[in-house]
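Participant:
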Amino acid sequence: MLGVSTGELDRLCHDYMVNVQQTIPAPLNYAPSGYSPYPKSICTSINDVICHGIPDEQKILKNGDIVNLDITVIKDGFFGDTSRMFIVGEGSIMARRLCQITYESMWQGIK
Numbered sequence: 304m305l306g307v308s309t310g311e312l313d314r315l316c317h318d319y320m321v322n323v324q325q326t327i328p329a330p331l332n333y334a335p336s337g338y339s340p341y342p343k344s345i346c347t348s349i350n351d352v353i354c355h356g357i358p359d360e361q362k363i364l365k366n367g368d369i370v371n372l373d374i375t376v377i378k379d380g381f382f383g384d385t386s387r388m389f390i391v392g393e394g395s396i397m398a399r400r401l402c403q404i405t406y407e408s409m410w411q412g413i414k
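Residue numbers (the numbering used here): 304 to 414.
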């Protein structure tokens with residue numbers, strides 16, 4: 304993912320969701336009453352963006368970035384939602400520790 308824009312990740316995911324998996328990207332054009340429609344197929348949150356970051360061609364992933372991909376689809380009337388965090392390239396010790404502790408916390412909550 305190093306050097307790739309979040310806009311490109313959105314395009315790749317959109318193509319795969321629609322053309323390969325034959326699903327509908329749930330966030331695309333979703334808007335609660337009174338809000339602007341969400342303009343992309345996935346959410347990409349980098350570093351201190353907590354959630355629902357909007358993919359953009361100007362947001363280029365750099366070495367050490369922590370990126371979360373939040374992907375939600377609709378298939379046969381059912382919603383599937385997943386989220387995964389990645390470190391781009393070589394993350395710092397603190398970044399790797401944050402990701403590891405977060406991952407372990409998730410599994411503790413699932414137990």
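For glycine and all other residues, C-beta sits at the position ideal for the given N, C-alpha and C.
Between which two residues does the alpha helix (DSSP H) carrying Asp313 extend?
Facilitator: Its alpha helix (DSSP H) spans residues Thr309 to Asp318.
Participant: By DSSP's criteria, Gly383 is part of a beta bridge. Which residues make up the other side?
Facilitator: The partner list for Gly383 (beta bridge, DSSP) reads Val376.
Participant: Quick check on Ser386: buried or exposed, where buried means 16 or more other Cβ atoms within 10 Å of its Cβ?
Facilitator: When all chains shown are included, Ser386 counts as exposed.
Participant: Under the three-state reduction of DSSP, which class applies to Thr326: helix, strand or coil?
Facilitator: Residue state, collapsed to three classes: coil.
Participant: DSSP on His388, reduced to helix/strand/coil?
Facilitator: In the sequence as displayed, the identity of residue 388 is Met instead of His. Of the three classes helix, strand and coil, the one that applies to Met388 here is strand, per DSSP.
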